[in-house]
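Input: a single structure, listed below in structure tokens.
Protein chains in written order, with the numbering used here: chain F, 85 to 405; chain A, 106 to 237.
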């Protein structure tokens, strides 16, 4: 087997635009740890320009096929596309079957389209924990548009809303009965709603139902009103309208100064999450914390002191600042 | 997060039978690996590009059409051009014994014939890529 290049060399090859190096760096980001941080430290200054579009919705709604069509339209407009397609990891075996590429074949020989399949690896939010980092890498690699496809979601896997500039919720006529139930989740995060499989006889009434549900929401004047678009990824209809709706939402964000705000929000939450992870790990590894817990838990078991008393003692022990 | 073995399972060429490929993909998934499956009718260019973008450790080709003597070398050559000569390749399908030897000579890691126990394929990959 050929010797694999180290991180420094990979970063050089990455800067030269080598796809194999970018792909390897994504694997390093996925696996986390010190190497991942080193990669991020060195590419981060090249990020911040990519427009991020999230695609979410129930399994089988046609998200991959729709992305395949959309990618064609965006390529006509000379966008360089990164696609992140997330599929679930089995909680039982840790394995994953990543099949989104099957429906994204139209661009598999186009060097300006970089598709990466990610397994969710235990994350419950509908995307992978390293999604932000992989977006960064694609951004630094020169992709000006990153499309993120979540796992097929139900009501509560809404993390994509915190990662994307525009969220596209893809539904099908069969989702109709569920729309009521989704009011509290999926229906709140979409900037654009797609009723895919528009050739289905119930498609128009299902689209109307979404429109009605959206109207119940009180949207202040001047704020974005979610669009509802009928498409058929199979028949290639409605895709132009979808592109227009996405671009319109982008113009709205840019004109209203929301664009910078979203980036700031994303970065703040990343710093917060990374800090929490780091602190948690340090607490778990701290011998002092472990010893104190060991000592005091017996008193908690006996009912002599409350769990909160132990926590106060621990807080004194690790006091930050 | 520990590293995971990533495997691309691909069906090059014109034959439309992917049951074998899916059985293998499923067995590897159940063994805890991440399987990227790209569907039917793949060209060598598509397979090599997918393998590179997905940064897989190993590619498994299922070939029943008789085109194995052109497919394997072509895909290996393309992966090399793309700077991914470290990616291993194995195969399965209807491949005559003398061709199996020739393929292994040019660097195909292993050819599995019909009736192979999927457990053997899992072991074959695990031995080469122990999870850390």
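Note that the Cβ used here is the ideal one computed from N, Cα and C, for glycine as well.
Apart from the five residues just before and just after residue i, which ones in its own chain have a Cβ nearer than 6 Å to its Cβ?
i             : result
residue 179/A : 149
residue 120/F : 112 and 113
residue 96/F  : none
residue 336/F : 308
residue 173/F : 180, 203, 204 and 205
residue 89/F  : none
residue 162/A : 110, 111 and 234
residue 172/A : 118
residue 136/A : 227
residue 195/A : 165, 214 and 215
residue 250/F : 137, 275, 330 and 333
residue 312/F : 277, 291, 294 and 295
Which class does residue i belong to by DSSP, given the choice of helix, strand or coil?
i             : result
residue 115/A : strand
residue 216/A : strand
residue 125/A : helix
residue 190/A : coil
residue 200/F : strand
residue 249/F : coil
residue 276/F : strand
residue 177/F : coil
residue 85/F  : Confidence in residue 85/F is poor, its pLDDT being 47 and thus under 50, which makes the residue's placement too unreliable to answer from.
residue 163/A : strand
residue 206/A : helix
residue 198/A : strand
residue 168/A : strand
residue 254/F : strand
residue 359/F : helix
residue 182/F : strand
residue 223/A : helix
residue 213/F : coil
residue 181/A : helix
Using the C-alpha atoms, what's the distance from residue j back to residue i?
i             : j             : result
residue 365/F : residue 374/F : 13 Å
residue 403/F : residue 130/F : 36 Å
residue 299/F : residue 271/F : 11 Å
residue 349/F : residue 217/F : 15 Å
residue 224/F : residue 183/F : 26 Å
residue 301/F : residue 323/F : 26 Å
residue 215/F : residue 386/F : 45 Å
residue 340/F : residue 118/F : 39 Å
residue 164/A : residue 370/F : 43 Å
residue 221/A : residue 143/F : 33 Å
residue 310/F : residue 277/F : 7 Å
residue 204/A : residue 215/A : 12 Å
residue 333/F : residue 188/F : 25 Å
residue 208/F : residue 245/F : 14 Å
residue 191/F : residue 156/F : 8 Å
residue 115/F : residue 108/A : 5 Å
residue 352/F : residue 151/A : 39 Å
residue 378/F : residue 367/F : 14 Å
residue 210/F : residue 390/F : 37 Å
residue 107/F : residue 201/A : 35 Å
residue 191/A : residue 384/F : 56 Å
residue 149/F : residue 219/A : 33 Å
For residue i, I'd like the list of residues in its chain whose CB is within less than 8 Å of its CB, leaving aside the five on either flank, ordered along the chain.
i             : result
residue 397/F : 376 and 380
residue 176/A : 117, 118, 149, 166 and 168
residue 122/A : 169
residue 144/A : 116 and 123
Would you kindly report the start and end of the unbroken alpha helix (DSSP H) that includes residue i?
i             : result
residue 282/F : Taken as a continuous stretch (DSSP letters only), residue 282/F belongs to no alpha helix (DSSP H), as it is neither H nor E.
residue 233/F : Looking at the DSSP string, residue 233/F is not in any alpha helix (DSSP H); the run it does join, the beta strand (DSSP E), is 229–233.
residue 394/F : 391–402
residue 92/F  : 91–99
residue 153/A : 149–158
residue 321/F : Unbroken run through residue 321/F: none, as it is neither H nor E.
residue 154/F : 147–160
residue 296/F : 287–299
residue 383/F : 371–385
To which residues of the same chain is residue i closer than 7 Å at the C-beta, ignoring the five residues directly before and after it?
i             : result
residue 109/F : 94, 98, 123 and 221
residue 158/F : 165 and 229
residue 289/F : none
residue 85/F  : Confidence at residue 85/F is low in this model, with a pLDDT of 47, below 50, so its placement is unreliable and no value can be given for it.
residue 147/F : 139, 141, 233 and 254
residue 130/A : 114, 140 and 142
residue 319/F : 283
residue 281/F : 146, 256, 257, 287 and 316
residue 227/F : 134, 164, 165, 166 and 198
Can you tell me where the beta strand (DSSP E) with residue i in it begins and where it stops?
i             : result
residue 311/F : 311–314
residue 140/A : 139–142
residue 165/F : 165–171
residue 139/F : 135–140
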